Amino acid sequence: MDLRYSDVDEAFRARLREWLSSELPKLPVQPARDDWSARRGWDTDWQRRLFDAGYAGINWPKEFGGQGATPSQHLVFLEETTRARAPYVGVNFVGLLHAGPTIIAEGTEAQKTDHLSNILRGDEVWCQGFSEPQAGSDLAAVRTKAVLDGDHYIVTGQKIWCSYGQIGDYGELLVRTDPDAPKHKGITWLMLPMDLPGIEIRPLKTVLGSSEFAELFLDEVRVPVSCRIGAENDGWRVTNVTLAFERGTAFVSEMVDALRLIDDLSPYVTDPAYRRELGHLAAELDGVWALTKRNVTQAARTGVMGPGSMMIKYAYSELRQRLGELSMKVLERDVLAIDAVGEFVEERLRTLALTIAAGTSQIQKNIIGERVLGLPKEPRP
Amino acid sequence: MNFDLTDDQVALRDGIRSLLMGRFSMERVREGFDRSMFDELTEAGVFSLRADGFSWADSVVVYEELGRACVPGPLVGSAGADAVVDVIEGRSGDAVWVEHLASLDRLLTLGNDGIREIPAASLIGAEADWPLDPLTPAHRVESLPAGELVGTASEASRLLNELTLLTAAQQVGLASALVDMSVGYAITREQFGRPIGSFQAVKHMCAEMAVKAEVARAAVQAAACIMDDPDTGDMMRSLHGAKIVAGEAAIMTGRTATQVYGGMGFTWEVDVHLYLKRAWVLETRFGSADTHADAVAEMLPQPEPSQR
Chain W
4 MDLRYSDVDE AFRARLREWL SSELPKLPVQ PARDDWSARR GWDTDWQRRL FDAGYAGINW
64 PKEFGGQGAT PSQHLVFLEE TTRARAPYVG VNFVGLLHAG PTIIAEGTEA QKTDHLSNIL
124 RGDEVWCQGF SEPQAGSDLA AVRTKAVLDG DHYIVTGQKI WCSYGQIGDY GELLVRTDPD
184 APKHKGITWL MLPMDLPGIE IRPLKTVLGS SEFAELFLDE VRVPVSCRIG AENDGWRVTN
244 VTLAFERGTA FVSEMVDALR LIDDLSPYVT DPAYRRELGH LAAELDGVWA LTKRNVTQAA
304 RTGVMGPGSM MIKYAYSELR QRLGELSMKV LERDVLAIDA VGEFVEERLR TLALTIAAGT
364 SQIQKNIIGE RVLGLPKEPR P
Chain E
387 MNFDLTDDQV ALRDGIRSLL MGRFSMERVR EGFDRSMFDE LTEAGVFSLR ADGFSWADSV
447 VVYEELGRAC VPGPLVGSAG ADAVVDVIEG RSGDAVWVEH LASLDRLLTL GNDGIREIPA
507 ASLIGAEADW PLDPLTPAHR VESLPAGELV GTASEASRLL NELTLLTAAQ QVGLASALVD
567 MSVGYAITRE QFGRPIGSFQ AVKHMCAEMA VKAEVARAAV QAAACIMDDP DTGDMMRSLH
627 GAKIVAGEAA IMTGRTATQV YGGMGFTWEV DVHLYLKRAW VLETRFGSAD THADAVAEML
687 PQPEPSQR
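Keeping their order, the protein sequence lines are chains W and E. Read left to right, the first sequence gives residues 4 to 384 (my numbering). Read left to right, the second sequence gives residues 387 to 694 (my numbering).
Written out as structure tokens, the structure is:
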């Protein structure tokens with residue numbers, strides 16, 4: 004048991020560091036939060052730079068245009084890009100972390116050809132269309148209806164929490180194709196071309212005062228059957244493939260970022276009680292970071308994430324709530340203006356979502372309890 | 387990077403676990419520490435791990451198992467010794483609590499000037515009639531003798547780090563056992579016609595315990611790996627962190643296990659209280675979570691002097 008990166012990994016780190024230090028100063032000024040077309044341009048420009056330098060799709064297999072990095076190199080990549088304050092994955096998130104890996108695992112040859120390299124180059128942006136007003140934690144309760152009509156599905160319904168809905172080229176869409184089957188058996192996973200007639204997109208204003216998400220209204224949208232990923236009514240299984248990627252390493256950048264935020268907040272923390280709490284938080288985050296390394300090791304050896312992956316998201320996101328609360332106490336009256344001191348208040352607001360998105364803490368605890376500890380399931384009504 | 391037990395470490399863990407299950411049943415553990423326990427653990431190689439070529443990463447695997455089995459005694463202080471030894475922080479003249487005094491050959495004290503050795507026979511104190519942990523007898527020594535200087539200040543701080551690590555490993559073992567006990571109970575105990583572990587209120591308590599224990603194990607093993615190979619991290623920060631999260635995990639899982647067991651958790655008969663009391667005892671040794679948190683905070687960027 005050791006924590007020593009291999010010489011190959013360290014050489015990879017050194018090359019990446021050098022590239023980041025020469026590339027980051029060349030980036031244009033970051034656009035305003037709600038200027039979505041500019042944000043798309045800025046984020047996809049970064050993705051193109053990664054692509055040109057041979058870093059796009061770092062953990063995607065080489066045969067699909069990725070870099071085929073080992074899990075430990077992937078960890079190095081996330082550590083270094085976050086520490087260098089390189090741009091976050093941004094509007095490329097759904098394509099790179101959700102849709103792309105799902106197409107790799109479940110897509111047809113034609114779907115792979117049409118989408119994977121475009122996602123890697125930053126030429127194709129994806130948005131999310133999983134949740135619905137009546138299907139949040141109970142995602143399998145989706146009602147958006149799709150009826151087969153020749154070589155098209157006619158889709159009608161409503162989606163919410165569509166990340167990057169305003170600027171997406173494609174959406175990952177869960178629809179109900181068999182209303183009579185048990186709820187997990189009647190779902191299909193579709194790629195939704197966002198320029199089809201019948202799609203209405205409304206920005207959804209969040210607690211930050213900006214529109215990180217959209218609502219999607221679908222009125223008899225004709226989606227080609229060729230846009231289906233996997234078999235009809237097999238969409239719940241495909242969805243779990245998608246979400247497994249999210250539970251893998253999607254939170255590593257966030258965690259490195261949180262450790263940096265602790266360092267950034269520390270010079271403002273003068274009260275001994277608050278400094279003690281900061282020390283606790285740093286230690287606990289270090290522990291979750293160690294668990295991440297454990298998980299990466301197990302993934303490298305067995306190909307699947309260990310039980311730790313179910314725990315990391317829960318532990319990390321709860322710690323962020325505590326760090327957020329501490330920031331608010333430390334800044335006292337300076338919290339009255341969100342941008343008065345550093346990014347702490349904005350982060351406090353943004354991270355309210357972390358214990359909700361991608362499975363609430365309560366859902367995570369059900370998963371840990373049932374899948375890791377083997378406790379009996381809650382009886383289903 | 388292979389941050390998981392190697393095959394050898396799995397064999398080491400399984401070996402010590404089966405030895406403890408076979409010879410250190412709760413029935414025996416409940417009778418407390420004695421010479422025969424010390425001799426058997428010595429024979430098993432528990433106190434000579436380092437001398438026998440085992441790494442710190444190996445050592446924490448073994449000490450986690452000692453914690454899991456709730457084995458009592460001055461196990462950390464006796465590491466590397468050929469006698470029953472405990473180690474405490476303290477100076478000449480201090481009023482201190484000494485654990486297991488009747489079983490000790492000698493006591494080492496860690497102070498600013500180094501390591502001091504005090505023969506157990508020269509320690510005078512009254513034994514507590516009602517010790518917190520019934521398996522950890524405590525004597526109140528009103529004035530610590532000066533003892534003989536046997537190690538330098540830097541040797542003292544190195545020893546302190548090593549014992550802190552092994553204590554944290556024991557705490558992880560306590561936490562891990564408490565998770566297993568609680569999950570087992572939540573699966574078998576039925577109320578309202580269902581196993582109580584099917585209720586989210588209980589299931590979530592178990593999940594919270596499991597997360598605390600897993601994070602603590604990762605933190606302690608990381609600290610051990612860094613002690614073995616200091617280039618791979620910040621040893622002091624990882625060590626402080628390990629003691630913090632392991633101590634909190636042990637106490638939190640002990641308290642939560644008591645809750646999962648309900649009324650039975652408040653009985654002498656169920657083992658939960660022995661684990662929780664041990665967790666509280668170990669929390670007092672080699673720095674509490676709060677003192678280590680203060681030390682971590684000292685390592686973070688500091689405020690300008692004018693602000694302090």
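Using N, Cα and C, we set each Cβ at its ideal position, and we do this for glycine too. Just so you know, these numbers come straight off a predicted model, no measurement behind them.
Distance between W:I366 and E:G431, taken at the CA atoms: about 45 Å.
Of the residues W:K29, W:A17, W:S75, the one whose Cα lies closest to the Cα of W:R297 is W:S75. When beta bridges are read from the DSSP output, W:Y173 appears opposite W:W129, W:P196. Cβ-Cβ distances below 6 Å link W:A72 to I61, N62 in the same chain, with the five nearest sequence neighbours on each side left out; the list follows chain order. In the structure shown, E:Q577 falls within a strand segment according to DSSP collapsed to helix, strand and coil. Taking 8 Å as the cut-off, the Cβ atoms of E:D472 and E:P460 count as close.
Rounded to whole angstroms, the separation of the alpha carbons of E:L625 and W:G233 is 49 Å.
Distances from the alpha-carbon of E:G463 to those of E:C456, E:L551, E:H525 put E:L551 closest. Collapsing the DSSP output to three states places E:E429 in a helix.
Taking C-beta atoms under 8 Å as the contact rule, E:C611 and W:M4 qualify, at a distance of about 6 Å. Membership of E:G500 in the beta strand (DSSP E) is indicated by the continuous run 500-505.
Around the beta carbon of E:P691, a 10 Å sphere encloses fewer than 16 other beta carbons of the protein chains shown; the residue is thus reported as exposed.
CA-to-CA, the gap between W:G168 and W:R36 works out to about 15 Å. Counting other Cβ atoms within 10 Å of its Cβ, E:G439 stays below 16 and is therefore classed as exposed. Under the 8 Å criterion on CB atoms, W:S213 is classed as non-interfacial with respect to chain E. In summary, E:V536 is exposed, with fewer than 16 beta-carbon neighbours lying within 10 Å of its beta-carbon over all protein chains present. Around the beta carbon of W:D10, fewer than 16 other beta carbons lie within 10 angstroms, which makes this residue exposed. Counting only residues of its own chain and dropping the five nearest sequence neighbours on each side, W:T105 has a CB closer than 8 Å to the CB of E175, W192, I232, V241, V244, T245, F248. Of the candidates W:D141, W:D126, W:T147, W:N121, W:T147 places its Cα closest to the Cα of W:G132. The beta strand (DSSP E) runs of length 3 or more contained entirely in the segment 512-558 of chain E are, from start to end of the chain, 524-527, 534-537. In the three-state reduction of the DSSP assignment, E:G459 falls in the coil class. Taking 8 Å as the cut-off, the Cβ atoms of E:G619 and E:A636 do not count as close. In the three-state DSSP reduction, E:K598 falls in the helix class (H, G or I).
Between E:P523 and E:I504, the gap from beta carbon to beta carbon reaches 8 Å or more. Straight through space, the alpha carbons of W:R278 and E:A437 are spaced by roughly 40 Å. Nearest to E:A467 by alpha-carbon distance, out of E:W483, E:L427, E:L487, is E:L427.
CA-to-CA, the gap between W:L268 and W:A343 works out to about 13 Å. With a cut-off of 8 Å on Cβ pairs, the segment 355-371 of chain W is in contact with the segment 303-323 of chain W, counting three or more such pairs. For W:S24, the nearest beta carbon of chain E is not closer than 8 Å to its own beta carbon.
Per DSSP, reduced to three states, the secondary structure at W:V344 is coil, with no helix or strand assignment. Around E:R575, no beta-carbon contact reaches into chain W at under 7 Å, the shortest distance being about 11 Å. A direct Cα-Cα distance of roughly 34 Å separates E:T670 from E:I582.
Taking C-beta separations shorter than 6 Å and ignoring five residues to either side along the sequence, the partners of E:L662 in its chain run G640, following chain order. W:S320 and W:L357 do touch by the CB rule: their CB atoms are close to 4 Å apart, below 8 Å. In the three-state reduction of the DSSP assignment, W:Y167 falls in the coil class. The closest CA to that of W:F67, considering only W:L99, W:A138, W:W22, W:E280, is found on W:L99.
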